[in-house]
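The next block holds one structure in the form of structure tokens; read it before the comments.
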Amino acid sequence: MRGLMSTDGYLTFALGKGRLAKKTLELFETLGITCEEMKDKDSRKLIFVNEDLKLRFFLAKGPDVPTYVEYGAADIGVAGKDTIMEENRRVYEVLDFGFGKCRMCVCGPAHAKELLKHHERIRVASKYPNIAKDYFYNQKHQTVDIIKLNGSVELGPLVGLSDVIVDIVETGSTLHENGLAVLEEICPLSARMIVNQVSMQMEKERITGLITNLKEALQKQS
Ligand code: PRP
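Counting from -9, one number per residue, gives the positions in the sequence shown under our numbering.
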């Protein structure tokens, strides 16, 4: 089995669909890396090629990006730190883009703070069961029951499924509008660039050159 990996002279990028991909492509454009094909909103095409620069881009579901990169189906990926932590794939994390900033937090109704303080065996709902498990078991040494959900996690404490949630907080408005609060902060998050470990060796110059150019572009923006 051989992926799209750099063996054919192309560098392949897997981008997490949505806002992250849009921001990433905007940044790439400032470096003269464009992909006109990708801007056609009506297109159902999945893979886009820039023949001049020998670059290939595809859009994937966020949590699948580290998978494509680990297996070498993409040389480079852009994904949120949340996804990278949750998936825990063997990839190199090489750059913090600084956008898509938010925080991974334990949230719930204010009274659940006591349950956390006394290390009670509570129920934790999350889209991120691995992050939740690592935080409670390895960092806090608290035994909890983790319940995997796929979205609208804030419902957990509202309907009595769980005591607290582990989720992303950006503006805090979802929590606020539902009478919930941040109880503990786990870590800050943002968009990161990840690289396949073999590609990093085989295409070292091209990839480190790109990282240097991206860092310069990011510095200019800030
Ligand atoms: C995310 C996250 C929170 C919300 C946080 O959900 O899971 O629910 O955004 O943003 P805020 O602090 O600015 O309100 P998303 O919109 O991705 O949908 P989901 O709940 O279906 O995962």
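From the three backbone atoms N, C-alpha and C, an ideal C-beta is built for every residue, glycine too.
Original post:
Who sits around the ligand PRP, taking every residue whose Cβ is closer than 5 angstroms to one of its heavy atoms?
Top reply: Gly141, Ser142, Asp157, Ile158, Val159, Glu160, Thr161, Gly162, Ser163, Thr164
Original post:
Roughly how many angstroms separate the alpha carbons of Leu139 and Leu43, rounded to a whole number?
Top reply: 41 angstroms
**OP:** Return the first residue and the last residue of the alpha helix (DSSP H) that Lys71 is part of.
**Re:** 71 to 77
Original post:
What separation, rounded to the nearest whole angstrom, lies between the Cα atoms of Met(-9) and Asn168?
Top reply: Confidence at Met(-9) is low in this model, with a pLDDT of 49, below 50, so the placement of that residue should be treated as unreliable; the coordinate-derived value is given next. One C-alpha to the other measures close to 48 angstroms.
Original post:
DSSP on Glu174, reduced to helix/strand/coil?
Top reply: strand
Subject >> Backbone CA spacing between Glu59 and Glu174 [nearest angstrom] >> reply: The question names Glu, yet the displayed sequence has Val at residue 59. C-alpha separation (whole angstroms): 32 angstroms.
Original post:
Start and end of the alpha helix (DSSP H) containing Glu110?
Top reply: Looking at the DSSP string, Glu110 is not in any alpha helix (DSSP H), and its letter there is neither H nor E.
Subject >> Cα-Cα separation, Tyr118 to Thr73 >> reply: 8 angstroms
Original post:
Taking the Cβ atom as the reference point for each residue, do Val39 and Ile201 lie within a distance shorter than 9 angstroms?
Top reply: no
**OP:** Report the rounded CA-to-CA distance for Ser163 versus Glu144, giving the unit in angstroms.
**Re:** 11 angstroms
**OP:** Enumerate in chain order the residues of its own chain whose CB-to-CB distance from Asn120 is below 7 angstroms, with the five nearest sequence positions on each side excluded.
**Re:** Glu76, Asn78
Original post:
Exposed or buried, Ala102, counting other C-beta atoms within 10 Å across all chains shown (16 or more means buried)?
Top reply: buried
Subject >> Cβ separation of Val81 and Ala4, assumed to be a contact under 8 angstroms, to the nearest whole Å >> reply: Actually they do not touch by this definition, with Cβ atoms about 11 angstroms apart.
Subject >> Leu21 versus Leu105 - alpha carbon distance >> reply: 50 angstroms
Original post:
Excluding the five sequence neighbours on either side, which residues of its own chain have a C-beta within less than 6 angstroms of the C-beta of Asp135, listed in chain order?
Top reply: Arg113
Original post:
If Ser180 and Gly88 are in contact, beta carbons under 8 angstroms, what's the gap, nearest whole angstrom?
Top reply: 6 angstroms
Original post:
Taking just the CA atoms, how far does Gly6 sit from Leu36?
Top reply: 12 angstroms
**OP:** Would you mind reading off the limits of the beta strand (DSSP E) that contains Asn40?
**Re:** 37 to 40
**OP:** Would you identify the three-state DSSP class for Lys194, choosing helix, strand or coil?
**Re:** helix
Subject >> Span separating the alpha-carbon of Arg9 from that of Val154 >> reply: 28 angstroms
Subject >> Collapsed DSSP secondary structure at Ile121 in the structure displayed >> reply: helix
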